[in-house]
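This report refers to the structure that appears directly beneath it.
Numbering (our numbering), first residue to last: 225 to 521.
Right, here's the structure in full:
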C-alpha cells in the first residue's frame with residue numbers, strides 16, 4: 225500500500241512539475257515574442273515612416289494592439305496547461321454572473337479608454353507629431369496613442385499621459401491639422417491722449433521686422449492694397465485704449481515666440497516715442513470718524 229501511494233504521489237508530482245515547467249516556458253516565450261515584435265516592428269515599420277514621411281499614427285496603434293493580443297493569448301495558454309489554474313478559471317466562468325458585474329464596474333473606465341482610443345484612430349481628430357491643445361491647460365506635440373492613453377510632450381519637454389476617454393469628452397484644438405500657419409492676437413493698451421496712428425504704425429513695424437512674421441495676403445488682397453498687418457482699436461477700457469494686431473506665423477511655436485518678442489520690442493519702441501502704457505487708476509475715499517472726507521487718488 226505504501227508503495228502504491230508513493231507511486232501515485234510521484235506521478236502527480238511529475239504531472240504538476242511538467243505543467244509548471246510548461247507554464248513558465250509559455251510565459252517566457254510570450255514576453256520574448258512581444259519584445260521581439262515591438263523591436264522589429266519599430267525598426268522596419270516605424271523607421272520607414274520617418275524616411276518616407278508617412279503618418280505613423282495607425283502603425284503605432286497597431287503595434288500596441290498586436291502586443292496586447294500576444295500577451296492575452298500567452299497568458300490564456302499558460303493558464304490552460306496547469307490543471308489547477310484551469311479548474312479555477314472554469315469555476316469562475318461557471319459562476320460568472322456576479323463576477324461579470326463586478327469586473328464590468330471595475331473595468332468600465334479601462335474599456336472606455338480602449339474604445340475611445342479606437343475612435344481616435346478611426347476618426348483622427350489629431351495624429352502623431354501634430355501640435356494640439358486639450359482643454360485650456362494642455363498644449364503640446366502628440367508622441368504616441370496607445371490602447372488606453374495618449375502621450376503629449378508639452379513646451380517644457382514633459383510627457384503628459386492623458387486617458388483616451390478624457391480626450392473624447394474634451395475640446396481639442398489641432399494647430400496643424402490642415403494648415404500649420406497660425407494667427408495670434410497681439411494686444412496692447414495705450415493712454416487716452418496717445419496718437420493712435422503713431423502707436424499702430426509702431427506695432428505694425430515691429431511685427432513686419434520680426435523674422436517669424438509671414439505675409440498671408442493673396443494676390444487679390446495685395447492688388448486691393450490690404451495692409452500687411454491688420455491692426456485695429458478693439459475697445460475703450462477703463463484706463464486705456466486697446467489696440468490689436470493680427471500676427472501670422474508659420475507654426476504655433478513660432479507664433480508664440482514672436483508674441484513674446486513683440487511684448488519686449490513694442491514696449492521699448494513705445495518708450496522711445498514717449499507713448500505710455502497706462503496702469504489702472506483707482507480713487508479711494510477715506511472717512512475719518514467725526515471729520516471731513518479725504519479723497520486719495
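Using N, Cα and C, we set each Cβ at its ideal position, and we do this for glycine too.
1. Around the Cβ of residue 461, are there at least 16 other Cβ atoms within 10 angstroms (buried) or fewer (exposed)?
2. From the DSSP output, read off the bridge partner residues of residue 410.
3. Enumerate in chain order the residues of its own chain whose CB-to-CB distance from residue 479 is below 8 angstroms, with the five nearest sequence positions on each side excluded.
4. Opposite residue 455 in the DSSP bridges: which residues?
5. Helix, strand or coil for residue 368 per DSSP?
6. State the Cα-Cα distance for the pair residue 243 and residue 255, rounded to the nearest angstrom.
7. Does the beta-carbon of residue 388 have 16 or more other beta-carbons within 10 angstroms, so that it is buried, or is it exposed?
8. Determine the DSSP secondary structure at residue 422, reduced to helix, strand or coil.
9. Rounded to whole angstroms, how far is the Cβ of residue 372 from the Cβ of residue 423, which I believe are closer than 8 angstroms?
10. Cα-Cα, which of 391, 290 and 415 is closest to residue 210?
11. Can you tell me which of the three DSSP states residue 357 falls into?
12. Using CA coordinates, which residue listed in 353, 284, 246 and 250 is at the minimum distance from residue 263?
13. Quick check on DSSP: helix, strand or coil for residue 417?
14. Look up residue 378 in the DSSP assignment and give the residues it is bridged to.
15. Can you tell me whether residue 492 is buried or exposed, with buried defined as 16 or more other CB within 10 angstroms of its CB?
16. Using only alpha-carbon positions, find the residue among 430, 508, 392 and 367 that is nearest to residue 343.
17. Run through the DSSP bridge pairs and tell me what residue 384 is partnered with.
18. Assign residue 337 to one of two classes, buried (16 or more other C-beta atoms within 10 Å of its C-beta) or exposed (fewer than that).
19. Can you tell me whether DSSP reads residue 509 as helix, strand or coil?
20. Less than 7 angstroms between the beta carbons of residue 251 and residue 292, yes or no?
21. Determine the contact status of residue 246 and residue 305, defining contact as a CB-CB distance below 7 angstroms.
22. Residue 258 to residue 351, Cα distance in whole Å?
23. Helix, strand or coil: which one does DSSP assign to residue 397?
Walking through what the data contain:
1. Locating residue 461 in the chain shown gives position 237, counting from the first residue. Burial call: exposed.
2. In the chain shown, residue 410 corresponds to position 186, counting from 1. The partner list for residue 410 (beta bridge, DSSP) reads 469.
3. Locating residue 479 in the chain shown gives position 255, where the first residue counts as 1. Here the set comprises 406, 407, 408, 436, 471, 472 and 473.
4. Counted from its first residue, the chain shown places residue 455 at position 231. BP columns for residue 455 point to 469.
5. By 1-based counting over the chain shown, the position of residue 368 is 144. Residue 368 falls in the strand class under three-state DSSP.
6. What you label residue 243 is simply residue 19 of the chain shown in a count that begins at 1. What you label residue 255 is simply residue 31 of the chain shown in a count that begins at 1. C-alpha separation (whole angstroms): 18 angstroms.
7. Locating residue 388 in the chain shown gives position 164, where the first residue counts as 1. Residue 388 is buried by the Cβ-count criterion.
8. On the chain shown, residue 422 is found 198 positions in, with the first residue counted as 1. In the three-state DSSP reduction, residue 422 falls in the helix class (H, G or I).
9. For the purposes of this step, residue 372 is taken as residue 148 along the chain shown, with counting starting at 1. For the purposes of this step, residue 423 is taken as residue 199 along the chain shown, with counting starting at 1. Contact doesn't hold; Cβ gap of about 52 angstroms is too wide.
10. The shown model of the chain, from 225 to 521, leaves out residue 210, and the question about it has no answer.
11. To locate residue 357, count along the chain shown from 1; it is residue 133. Strand, per DSSP.
12. For the purposes of this step, residue 263 is taken as the residue at position 39 of the chain shown. Answer by Cα proximity: 284.
13. Counting from 1 along the chain shown, the entry for residue 417 is found at position 193. It is coil, neither helix nor strand.
14. For this step, residue 378 is matched to residue 154 along the chain shown. In the DSSP output, where bridge partners are listed per residue, residue 378 has 364.
15. Position 268 of the chain shown holds residue 492. The residue is exposed, with fewer than 16 neighbouring Cβ atoms inside 10 Å.
16. Sequence index remark: in the chain shown, residue 343 carries index 119 (1-based). Looking at the Cα atoms, 392 is the closest of the given residues.
17. The sequence position of residue 384 within the chain shown is 160, counting from 1. Within the DSSP bridge table, the entry for residue 384 names 376 as partners.
18. Indexing the chain shown from 1 puts residue 337 at position 113. Under this definition residue 337 is a buried residue.
19. Indexing the chain shown from 1 puts residue 509 at position 285. Looking at residue 509 - three-state DSSP - the assignment turns out to be strand.
20. By 1-based counting over the chain shown, the position of residue 251 is 27. By 1-based counting over the chain shown, the position of residue 292 is 68. No, the Cβ-Cβ distance between residue 251 and residue 292 is not below 7 angstroms.
21. As a first step, residue 246 must be located in the chain shown, where it is residue number 22. As a first step, residue 305 must be located in the chain shown, where it is residue number 81. Taking 7 angstroms as the Cβ cut-off, residue 246 and residue 305 qualify as a contacting pair.
22. As a first step, residue 258 must be located in the chain shown, where it is residue number 34. As a first step, residue 351 must be located in the chain shown, where it is residue number 127. Looking at the two C-alpha atoms, the distance is approximately 25 angstroms.
23. Here residue 397 refers to the residue found at position 173 when the chain shown is read from its first residue. Of the three classes helix, strand and coil, the one that applies to residue 397 here is strand, per DSSP.
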